[in-house]
Structure formats: structure tokens, C-alpha cells
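Report on the structure given below.
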Amino acid sequence: MKNIVPEPPAIVRNEAAAIQGLFERNVIPSYSRFNLVLSHGSGAYVWDVAGKKYLDLGGGIAVCSLGHANPTITAALVEQSKKLVHISNLYYQEPQGRLAQKIVSHTGPGKVFFSNSGAEANEGLYKLARKFGHDEGRFEIITALNSFHGRTLAGIAATGQEKVKKGFEPAVPGFFHVPYNNLEAIRSAISPSTAAVLIEGVQGEGGITPASPDFLLGLRRLCDEKNLLLLMDEVQAGYFRTGRFGSYQRILEGTPGGNEFIPDGVSWAKSMGGGFPIGAFWVREKYANLLGPGTHASTYGGTPLGCAVGLAVLQVIETEHLEQNAREQGDFLQQKLRELQNQYPHLIEAVRGLGLMLGFQLAARIPALKGDKPVSLQVVEMLHDAGLLSIPSGNQVIRLLPALNLRRSEAIEGIEIIASVLRKIS
Ligand code: PLP
-7 MKNIVPEPPA
3 IVRNEAAAIQ
13 GLFERNVIPS
23 YSRFNLVLSH
33 GSGAYVWDVA
43 GKKYLDLGGG
53 IAVCSLGHAN
63 PTITAALVEQ
73 SKKLVHISNL
83 YYQEPQGRLA
93 QKIVSHTGPG
103 KVFFSNSGAE
113 ANEGLYKLAR
123 KFGHDEGRFE
133 IITALNSFHG
143 RTLAGIAATG
153 QEKVKKGFEP
163 AVPGFFHVPY
173 NNLEAIRSAI
183 SPSTAAVLIE
193 GVQGEGGITP
203 ASPDFLLGLR
213 RLCDEKNLLL
223 LMDEVQAGYF
233 RTGRFGSYQR
243 ILEGTPGGNE
253 FIPDGVSWAK
263 SMGGGFPIGA
273 FWVREKYANL
283 LGPGTHASTY
293 GGTPLGCAVG
303 LAVLQVIETE
313 HLEQNAREQG
323 DFLQQKLREL
333 QNQYPHLIEA
343 VRGLGLMLGF
353 QLAARIPALK
363 GDKPVSLQVV
373 EMLHDAGLLS
383 IPSGNQVIRL
393 LPALNLRRSE
403 AIEGIEIIAS
413 VLRKIS
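Sequence positions in the sequence shown follow my numbering and run -7 to 418.
Pasting the structure below:
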């Protein structure tokens, strides 16, 4: 039989320019991409099409929680795909129920809805807030300046950064931004229309800024006092990245009253699937039936395949004690970054983060860097040349968001590469 769709022309392997050409001609240019064409990975490493090896401390922006080509993920994909890939949410299936149970056990009594991405998980939280406030005419959600909540229309309205909104006005109504870690600013922003407050436990795209314990506890009290939902976007910071399932759990460790802290809704994605697209949001028991039959849906949300992978990711995290590993390797990396800051105070202004969610802030101007691009991009590119992948955040911050099973030897290698680049700049 004749092919309806003609075969694409063969791509000559190792030809980065040919692949980039395909993108230029056929892919919408909404991303600024680095000049790297990657072909495969294994554990903490990836290779480009020319065969150059890179240590991946960017983890696909906090996604590849078990590194690349993890055999347990591969096995889960293969085994589940032989049974059921998809059935729709008109029916019950075991993997979704079991993954929801796991998430509830890590978060608290409540229920879970599955999505495909972080932005979609947050959409569910916005709808939860609107449903919650609906009968009283309350619909507004207070979020933080510098926050990031995704690229859907409501996501960019929720995000506290002007750059994501430009050109897409009018904004979805009902979102207000106030300074992060500032309880009084939230109190002042509350109006009779306010239904919820949404914050990240650690701001990721905003430059790796953790919430303070006092802010979290004060926010819980304020939301109780004003009958507002306290919603947490854990898409980047959650799912063991900081060394605890919830970043807020890690932040509140050792703080009196911290163990009792529980949000009303939480969203996740990224690390959940180790690269397979899956997201979710959890709603506290009291509000868990607000989104009743017919109120919310997703064709692909929580497929048997996605949830089988999600369960496999959790199984590896548990059996390999990756919660502890994220803490140990994260503390080590942070300590070494601080030593580099002491060595190069004119290059590194600050080091921030928790567990394997780390950022170092470069000086706004580094005379040795002559290019027009922001310093963060220039240094990330120099790190590429030296064989390391990292993630820029804004103009000055470089993020490290590696796999949760990063080895000490790989952490040491990463620091050595960063040190070599700083030495060169210095
Ligand atoms: N929320 C936070 C905190 C994020 O960091 C991101 C993505 O970077 C999102 C939401 C959006 O997630 P997604 O890109 O999966 O839609």
C-alpha cells in the first residue's frame, strides 16, 4: 500500500546543523534554545550528536528525577504498555488508584486529580478556588511577585512576572501579586472577593528563593482566619527534590508547629514521572469533593501508563533512599558552591536552595564577559563548553536541578567544572 504521509528525508546522524534546520523550518520558535543537539543519555550524563558527553545537573528542568534511561522506568513503560496504555477516565484502573494513595500518604488526608503537566495541575487549583468561593462571589487568588505557575492563560495571569504576560492581554481576571515571604503584604491584599493564596514552597523560575518557616506558618493562620484556601505550587520544588516529599515539609523541619502545617491544595508535575509527562493536584479532605462529577476532566490525565511510571519512580525513590540522597548531595553541592562564592566573591553574589534545588547568583555585571546576553546565559554556555548542563533563571541565577540519584562523584565532577569556568572568567 502506498504511504499517505511521505517518508521524511533521512537525517544524517551527527549532523547537528541538519537537525537545527528541521527546527528552523518546522518548529514554532517560542523557545530560545541553546546551540546543543542532544541524542541520548544514561544516568547523570547525556551525549550530543557529535558524541560529546555532558554531566546533566539541569535534569530537564527538575524533571529527570532518576536520571536518563533509568531501567526501572523503562521496565514500567514496557510492562504496562503490554497491558493497558489508555482507557479514559470513564473507567477505573489500578495504577491511578495506587498512585493517588501514595500521594495522599505523603501529603495528608485528601484526594488527587491527575493532569499531564504543571500548568494543568495549577489550572485545577484555580478551579478549586473558584468553586470554593463561588456561592459567596469570591474568586480572586493572591500569588507572589517573581512566582511562576505555567504558560496557560490563567497560568500567566497567576505568574508574578511581567515578561510572560506581554502580548497576551487581556489577562484572565482575578489574580493579584504581592511580595513573596511578606505576610503583611498578603493581609493587605485580601479583599471580600479573595478565595485563595497560591505560593511556591521554593520559587524556582524566580531564582531559587525558599519560603521562610515563619511566612508559611503565618500564612496558614491567616488563611484559616480569613477562610481562604492555602494552595501550594510544588511543581518544581516538590516530590522529594528538596529532600522531603513537600518543600514546605523540609522548610518547616524543626520549627515548632511545623509538623501540623498542611496546605488545602498542592500541585506537582516534573519529578513525578521522571520524564514521562504526568502532573497532579491534591485537595485536602475537607474540600476533596468540591470538584464533583462533571466539574473537571482531562482525557490523558492519569493514564495507566503514566501512573505505572509514577509508581515506578516512587518505588525507586523509596528503595534507593533518594530522599536522603537529595539531602546529602544537595548539602554537599551547596557547601562547595559557598566555598566557590568565598573564593570568587566578585563573581558569585549568593548561593540559595534546599536539597537538589540549588541556585547561585552571579554578579549583575562581570567585566570579563563581553557579550550582550545576560551573564547567566553566558556562563551556562561556558559550562556547556566545559561539559556541564545547568539551567539559567532570569539574568543572574544559574540553577542546579539534577537527578535525585546523583552520585557524590558526579557532584564533585560538577563542582570541578563550575570551578574551572569561574577560574577562566576570573
Ligand atoms: N509551576 C512551577 C513552579 C513551575 O516551575 C512550572 C514549570 O517550570 C510550572 C508550574 C509549569 O509546569 P509545566 O511546564 O509542566 O506546565
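Positions of the beta carbon are idealized from the N, C-alpha and C atoms, including for glycine.
Burial state of D206 is exposed, judged by a 10 Å Cβ sphere holding fewer than 16 other Cβ atoms.
By alpha-carbon distance to K416, the top candidate from D377, K94, S382, G246 is D377. Exclusion of E115 from the 6 Å shell around the ligand PLP follows from its C-beta lying no nearer than that to any non-hydrogen atom of the ligand. Separation of the CB atoms of Y292 and S418 is rounded to 49 Å, and the pair is thereby denied contact status at 8 Å.
Boundaries of the alpha helix (DSSP H) harbouring M374: 367 to 377, taken from the DSSP string.
Residue environment for R391: buried (at least 16 other C-beta atoms within 10 angstroms of its C-beta). Taking non-hydrogen atoms of the ligand PLP into account, the C-beta of H98 is found less than 6 Å away from none of them. Straight through space, the alpha carbons of L137 and A181 are spaced by roughly 13 Å. Shortest gap from the CB of V367 to any heavy atom of the ligand PLP: 6 Å or more. Closer than 6 Å to some heavy atom of the ligand PLP: that does not describe the Cβ of S239. T201 is bridged by DSSP to Q195. The Cβ-Cβ distance between C56 and A395 falls below 7 Å. In the structure shown, R143 falls within a coil segment according to DSSP collapsed to helix, strand and coil.
If you draw a straight line from the Cα of A289 to the Cα of F131, it is about 20 Å long. Distance from the CA atom of Y279 to the CA atom of G102, rounded to whole angstroms, is 8 Å.
Here the distance from the Cβ of S109 to the nearest heavy atom of the ligand PLP is below 6 Å. In the DSSP assignment, D48 falls within the beta strand (DSSP E) that extends over 45 to 48. Burial check for F26: the Cβ neighbour count within 10 Å stays below 16, so the residue is exposed. In this structure, V164 keeps its C-beta atom at 7 Å or more from the C-beta atom of A188. Residues of the same chain with a CB within less than 7 Å of the CB of I309, apart from the 5 flanking positions on each side, are F232, E315, L396 in chain order. Taking all protein chains shown into account, Q327 has fewer than 16 neighbouring C-beta atoms within 10 Å of its C-beta and is therefore exposed.
According to DSSP, residue pairing for A149 in a beta bridge does not occur. Taking the CA atoms as reference points, G406 sits about 11 Å from G50.
Straight through space, the alpha carbons of Q85 and L329 are spaced by roughly 46 Å.
By the CB criterion at 7 Å, L91 and C299 fall inside the cutoff. Within its own chain, the residues whose Cβ lies closer than 7 Å to the Cβ of L208, once the five positions on either side in sequence are excluded, are Y240, I243, L244, F253, listed in chain order.
By DSSP's assignment, Y37 forms a beta bridge with S34, L47. Of the residues F237, R122, G59, the one whose Cα lies closest to the Cα of I95 is F237. In the DSSP annotation of this structure, the continuous segment of the alpha helix (DSSP H) that includes R400 starts and ends at 400 to 417. Shown here for M374: same chain residues with a beta carbon closer than 8 Å to its own, the five before and five after excluded, namely V413, K416, I417 in chain order. Note that the C-beta distance between Q388 and Q353 is below 7 Å.
Of N81, H60, S185, the smallest CA-CA separation from G294 is found for N81.
Where L346 is concerned, the enclosing beta strand (DSSP E) starts and stops at 340 to 346. Taking C-beta separations shorter than 6 Å and ignoring five residues to either side along the sequence, T311 has no partners in its chain.
A buried status is given to Y118, since no fewer than 16 other beta-carbon atoms sit within 10 Å of its beta-carbon.
Of all alpha-carbon atoms in H169, K123, A111, the one lying nearest the alpha-carbon of S139 is that of H169.
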